[in-house]
Amino acid sequence: MTQEQSPGSPVHQYSARALAQLLEVDPPTDEQCLIIESPHDESAAVIAGAGSGKTAVISLRVVWLVANGLVPAERILGLTFTRKAVGELNHRVRDYLARYRRAIRKPGADGARGTAAAADHGSSQGAAAAGAQVETLPGLDLPTVSTYNSYAAALVGDHGMGIGLEGDEGVIDAAARQELIDGVLDAATRDDVLGNPRSSMSTWVSGLLSEMGDHLVDFAAIDAHLDACLDALCTSDYLRGLADKMSRKRSGIYRDKAAKAEFVQEATGLADEYDAADRGDRAEIRTRMRAVLEAHDDNPVPKLQAKKRLVELARRYAAAKQDTGGLEFSDQVALAHRIMTDSPQSLAAEQSRWDIVLLDEFQDTSYAQFLMLQQIFGRHTVMAVGDPRQAIYGWRGASADNIESFPGAFRGPHDRPAQKYGLTISWRNDAAILTAANRIAAGLPTRDERVGLQPRPGAGDGAVEVSLTHSALTDPDRPDEPTQLQELVAWILRVREQLFARHEEREAARREAAAEAGLRPERAAPLPTFAVLCRARSGFGAIAAALQAEDLPVDVVGSRGLLDDPFVADALAVLEALVDPDAGDVLMRLLSGRTIRLGAADLTAFSSFVRACAVEVPDPAEHDGSRLERVSAVEGLDELLNVDPDGPNATSDQVRGIRSLTAEGRRRLMSLARTLRRLRHSDLALPGLVRAVIREAGIDTEVAALAPDYADLHTRALDGFLSLVSRFAGEQPAGGPSDFLRWARVLEEADELDDVPVDPVPGAITIMTVHASKGLEFDAVAVPFMHDEGLPSKRKPSDGWLSQGGLPYALRGDRAGLPSFDLRTMDLQGPNDLDARLTGGGPLETQLDDHHHAAERRLAYVALTRARAHLFVSASRFTLTRKRPVDARPFLDEVAQELAVDLPELPEADELDVSRGEEALWPTRDPAEVVARRAELLRVVSAAAGERPTLDDVAESAADPLVRALARRATQLMADAEGGNEERILPARVSTTALVGLRADEDEWWKGMRRPMPEPPSTSADLGTAFHAWVEQHFGQAALLEIEPESSAVRAIPALRERLETLRETFLASPYADRAPEAVELSFELVLSKHSGGHGGGHSSSHSGPSGDQDVEPDGGRRPSALHVPGKIDAVFREDDGGLLVVDWKTGRLPRDPARLDAMAVQLAMYRLALLRMPRFSDVPRVDAEFYFVGSDESWRPQSLPEEDEIVTWMIGTERHPSR
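With UniProt numbering applied, the sequence shown covers 1 to 1220.
Below, the structure written as structure tokens:
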């Protein structure tokens, strides 16, 4: 530290209030001052209520420590949970520090301030530094703020080699995780997977391993615990209880009375033998008991056995992660804890970096994070800020008890328990909202959680509306009775009108004041914000539909909300239709979506047309020898481009379908079909393809045409979607649209698509889960479904950790705050004893219920405290999905009682009839005569096919015009498949490497242009890149920033490193190594004219705009009139006669195939032409070119190289322009 002060009552240069005045921020309250000015050498726990200004307090604490010379800024570490929180805290801290440093440099700053400035920068000559107003590295000495997971990852990266890590481990996402688990499940036996659905097994395997990481439990510990639980059941009392239960069973093997009596006799005899045996003899008897239990017990032994098998699958998954170098966040934390525990040097190094540590949102840390931080900072000065009332992430590893355990675990430099402070004034919520929230918090189990929040000085009254209705949706028996969703929408409309009117009044007053002062009005304040917060996503659809029916802008937040945005969904549907011919359901969703918006009549007509495109094909397996081969909707849409209703090839059914379309409907379908066909033939990378989808499908146009509020809303969603695509392209460069769609679906199911906007959209109604809303605030909030099985939710599973995927409570680090559920100590008297404790009001059931209810109460508290001024809470007797009434609504009743709201008496009803509803047939069916006519025509086709004529013969000579049309269409499709009718136009830009491919196999090259396939990562390419970089360094012409010649792939693979070393040695022994090149890695772009076969057209200039490089076709399209050929020449050497020698390095061996060498010669020809166009080489007498194959230490020079005219003529000759 820069300045050591006694632990007594130090006198500081700045008080918290003086510092706030200097920074020109709001003065802190008394309770905030106590925290900001708390001793710099003592740890502290701060219980910060919702909206209590903890970010401002933490930021002022940092500046207070720095300004008073207690610690340099760069020795302060701050940790929080989300990147958003890191950004906010970083911004606030840096802003306050910048204000402070500007303030102390103002002319006339007093000596005291100058002294503090000197202390800020650690100067030993404070007064001198103050007088000189000198600062080193101004503004660069800043605190470090990071997420907990990023900090753990940094520890693993910095110190992981000390425990044997390779250093290249990376965090895997849900898609990679699912791929690894799928591999484990594929190799598992039926007994291993327990006959459960694959999705459930995946969730249980990953969940169990994640919990093990969160609580630092290894496989040996869980195996030992499960065996101990099974052994604990091997008692005479439990065995007699099992015999008693089985004696009453009348199903399965127990229907046989003799067999049942035999089992009962065996079990009771074994129990008697156990009681009579000496302690030393009981081990063998317990072995036999366990066999009996495993054969006959139906609970809990089968669940323990199933968990043992699940543990084995988790073990295999952990091994698969280790083999691939993959980590999850819980793995990083566990590894960081292990490093800090096993490596004293790493621990000392990390401890020496920091003097002050600030831990935000501490109630959301896991047990492993708690132990990791305690191991490193237990004797540092640590301030943990959190709110146990907002501990809502227990389902993902957070431990609500961590903030309670902090004072005893983090004892600071003087080995004293941390002091406790509180922030109890809410600067967010109005009075009525706090009244409701405090009533919910009063039911929580700990004293800190029951402390109520106080309204800020001058807080408004606020408004809370409580609604109780008969049904969430309209009850057919009571159509006039208001529903829960109707009341919610009506409330939002009222409050929205009020807040918008108030907003407009304030803006008008601001504009008027600015006008009177002769000033330009400031930018308008954002519109009010609104939210509907749900316990689960199941209610999103009905709520969104009800709001949109009133023309309200709706923003569904979260990964699934992103992909459910109607315009994003349309973009996804286009992508899927591009790559999957069977994606008919997706196409129909697109056609009826926001972009295409076909009506029911046009959808019916299109469906008829698609059916009309079906063909009857021979099938000996069918009764009549044929079957109807239908085409998919995607294929039918493409067929729409080929069928001319006025031409001779269309069938009557096809014509009828087309004629049934409206003019606008047909235009939209044709436009979409052309777009899909054009995009299928594009060579765009995935991000460019998605942008093209949005542009060419008209999605961006549809969004831009919306009202501003709606346009902003959906533009944000499209931006989030494009960010998601970019993220995928960065992680999987070789992935195509199909890979992206699979990846997005997996991450969507795992709710791990984090490239979504998280800030509320002003003016829109944000729909999100309560979990996702934490950290946000809105002017008005509605919390629907506050009844049993809504909020609070139903406790699942009913048997606690015995369910699949759960870690035994006794192994969890936070077991002190969990129900006491340890089979080893329960002394069960049989299976019925456990059932009685878990159900029917038994003591264990009560503990499990209380624990779950407390977690749900915290969730309700978070939901209510998101509202600034307006709150709506509601429930209904009949929910969205249940037919039976739900009469328990504990949280809603508490709020109503606290606010003295009289809830209505609801009419009695036993069950809601939800089975009624109108039925419609979709798609519509053709009349019987139409079906018969189609069958007759298809039989004609089959009969003609039976005569085995060629398709060309059928197309020319068949009597039936329909048969001729079908044959011609088949011929066309076959030609298209072979590329015979495909238009071939060279792109305006073709690399030299691409020209080699074109020369080697023309048809394959054009096929690749039509349907580009992503190339997998190539180790040969990595090796070539590394070798070329080394050669460039060898000749001393590498760029300054390219100081590392080896790619990461080459460094990571020993075989490639050895291969690279061999190539280096070969090159150094070659005649090229000692020559001085004229140029190395010489880039060029050659422009060749396509006119007149290239005569006189070769030049090195470039054109701009379409008129320079494109010709206009008769149909309005454009074809490039110039060919741009970019490339890079490896080396140019000057010969003795003044000529030039171009050399291209190849890391492989010299090919023995003359055709291959001939194709490669094109590359050298382009290099030669490029040099001849360069002014610096225009006077050379000749240019030769050759390859040096380093792999075989051989050079090859073609006997002759084609001239420009010959090259251009050949290139143009590969094009094809079929007649239209």
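Beta carbons are placed, not taken as given, at the ideal position from N, Cα and C, and that holds for glycine.
CB-CB length for residue 598 against residue 574, believed under 8 Å: Not confirmed; about 15 Å, so no contact.
Residues bridged to residue 878 (per DSSP): The bridge partners DSSP lists for residue 878 are 471.
If you reduce the DSSP assignment to three classes, tell me which class residue 631 lands in. DSSP places residue 631 in coil when its eight states are reduced to three.
Alpha carbons only, please: which of 318, 466, 1126 and 351 is nearest the one belonging to residue 900? 466
Quick check: is the beta carbon of residue 433 nearer than 8 Å to any beta carbon in chain B? Although the question refers to chain B, the structure presented lacks it and comprises just one protein chain.
So who's on the other strand from residue 1124, going by DSSP bridges? Answer by DSSP bridge pairing, in chain order: 989 and 1087.
Based on the DSSP output, what are the partners of residue 1188 in its beta bridges? Per DSSP, 1145 and 1195.
Can you give me the start and stop residues for the alpha helix (DSSP H) that residue 374 sits inside? For residue 374, the uninterrupted alpha helix (DSSP H) segment begins and ends at 367-377.
Give the C-beta separation of residue 336 and residue 372 to the nearest angstrom, bearing in mind that I take them to be a contact with Cβ-Cβ under 8 Å. 5 Å
Pull up the CB-CB distance for residue 398 and residue 446, whole angstroms please, since I reckon it's below 8 Å. With 8 Å as the limit, residue 398 and residue 446 do not qualify as a contact, their Cβ atoms being about 16 Å apart.
Does the pairing of the stretch 355-369 with the stretch 22-31 give three or more beta-carbon distances under 8 Å? no
Considering Cα atoms alone, identify which of 1035, 99 and 1005 is closest to residue 1159. When 1035, 99 and 1005 are compared, the shortest CA-CA separation from residue 1159 is found for 1005.
By alpha-carbon positions, which one of 770, 305 and 164 ends up nearest to residue 223? 305
Delimiting residues of the beta strand (DSSP E) encompassing residue 421: 419-423
Of all the options 170, 1063 and 778, which has the alpha carbon lying nearest to the alpha carbon of residue 428? Comparing alpha-carbon positions, the option among 170, 1063 and 778 lying closest to residue 428 turns out to be 778.
For residue 998, which residues in the same chain have their Cβ closer than 6 Å to its Cβ, ignoring the five residues on either side in sequence? Cβ-Cβ distances below 6 Å link residue 998 to 1005 in the same chain, with the five nearest sequence neighbours on each side left out; the list follows chain order.
When the Cα atoms are used, what is the spatial distance from residue 60 to residue 96? 7 Å
Which residues mark the beginning and the end of the alpha helix (DSSP H) in which residue 1205 is found? Residue range 1204-1213 is occupied by the alpha helix (DSSP H) that includes residue 1205.
So, for residue 128: in the same chain, excluding its five sequence neighbours on each side, which residues have a beta-carbon less than 6 Å away from its beta-carbon? Residue placement at residue 128 is flagged as unreliable, the pLDDT there being 31, under the threshold of 50; a coordinate-derived value is accordingly withheld.
Looking at the strands, I want to know which residues DSSP matches up with residue 1273. As shown, the chain starts at 1 and ends at 1220. That puts residue 1273 outside it, with no answer to give.
Rounded to whole angstroms, what's the CA-CA distance from residue 1137 to residue 1062? Just pull it up for me. 33 Å
Is DSSP giving residue 17 helix, strand or coil here? helix
So for residue 327, helix, strand or coil by DSSP? It is a strand residue.
Cross-strand partners of residue 616 (DSSP beta bridge): 628
Please return the same chain residues whose Cβ sits closer than 6 Å to the Cβ of residue 522, not counting the five positions on each side in sequence. Excluding positions up to five away in sequence, the list is empty.
Taking the DSSP output, what are the residues bridged to residue 534? Answer is 769.
Could you check the C-alpha separation between residue 423 and residue 449 for me, to the nearest Å? 12 Å
Delimiting residues of the alpha helix (DSSP H) encompassing residue 246: Residues 236-247.
Per DSSP, residue 150 forms a beta bridge with which residues? DSSP, once it has assigned bridges, lists no residue as partnering residue 150.
Measure the C-alpha to C-alpha separation of residue 286 and residue 268 and round it to an integer number of angstroms. 14 Å
Would you call the CB atoms of residue 867 and residue 889 closer than 8 Å? no
Could you name the residues of the same chain whose beta carbon sits closer than 6 Å to that of residue 437, not counting the 5 residues immediately before and after it, in chain order? 861, 864 and 865
For residue 42 and residue 381, the rounded distance between their alpha carbons: The straight-line gap separating the alpha-carbon atoms of residue 381 and residue 42 is approximately 5 Å.
Straight-line Cα distance separating residue 295 from residue 837: Approximately 23 Å between the Cα atoms of the pair.
Given this structure, state the Cα-to-Cα distance separating residue 651 from residue 644, to the nearest angstrom. Roughly 10 Å between the two C-alpha positions.
Which runs of the beta strand (DSSP E) at least 3 residues long sit entirely within the stretch 15-88? Give them in chain order. Complete beta strand (DSSP E) runs here, min 3: 44-48 and 76-80.
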